[in-house]
Amino acid sequence: MRNATQRVPGCRGKFGTVYRCEEKKTGRVFAAKFILTQRAEDRADVEREVEIMRSLQHPRLLQLYDAFDDSKKQMILILE
Numbered sequence: 473m474r475n476a477t478q479r480v481p482g483c484r485g486k487f488g489t490v491y492r493c494e495e496k497k498t499g500r501v502f503a504a505k506f507i508l509t510q511r512a513e514d515r516a517d518v519e520r521e522v523e524i525m526r527s528l529q530h531p532r533l534l535q536l537y538d539a540f541d542d543s544k545k546q547m548i549l550i551l552e
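Each residue of the sequence shown is one higher than the one before, counting from 473 in this note's numbering.
Pasting the structure below:
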C-alpha cells in the first residue's frame with residue numbers, strides 16, 4: 473500500500489476489512505480489501521476468487537486492479 477496516500481476504514485466483515493484509499497500518483501480512489509488468510513484453505517479460496525475476478529470483465533461487476541500477499545497472514549485486493 474505504499475502507493476496509497478490514505479487508508480480510511482470502510483466496512484468490516486467476518487473475513488477482513490475494506491478501506492478507502494487514494495493512489496498518490498493519480499488521485500484515483502480505490503477500495504482495498506484486506507482478507508485474513510490464516511489457514512491454507514482460506515488462502516486457496518482467496519486465490520481462486522482472484523483468478524475468477526481477473527477473468528471476468530463486465531461493466532456491472534467490480535473491477536479487480538491488483539491483488540497481493542503482504543506476508544502477514546492476509547491478502548489485499550485492490551478494487552474499483
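Backbone N, C-alpha and C fix where the C-beta goes; we use that ideal spot for every residue, glycine too.
8 angstroms or more divides the Cβ of Leu528 from the Cβ of Leu551. Within a 10 Å sphere around the beta-carbon of Thr498 sit fewer than 16 other beta-carbons, which makes this residue exposed. Per DSSP, Asp517 lies in no beta strand (DSSP E) segment; the continuous alpha helix (DSSP H) that holds it begins and ends at 512-527. Taking the Cα of Arg526 as reference, the smallest distance to any Cα among Leu536, Arg532, Asp517 is reached at Leu536. Close CB contacts of Phe506 within its chain, under the 6 angstroms cut and outside five residues either way in sequence, are with Gly488, Thr489, Gln546, Ile548 (chain order).
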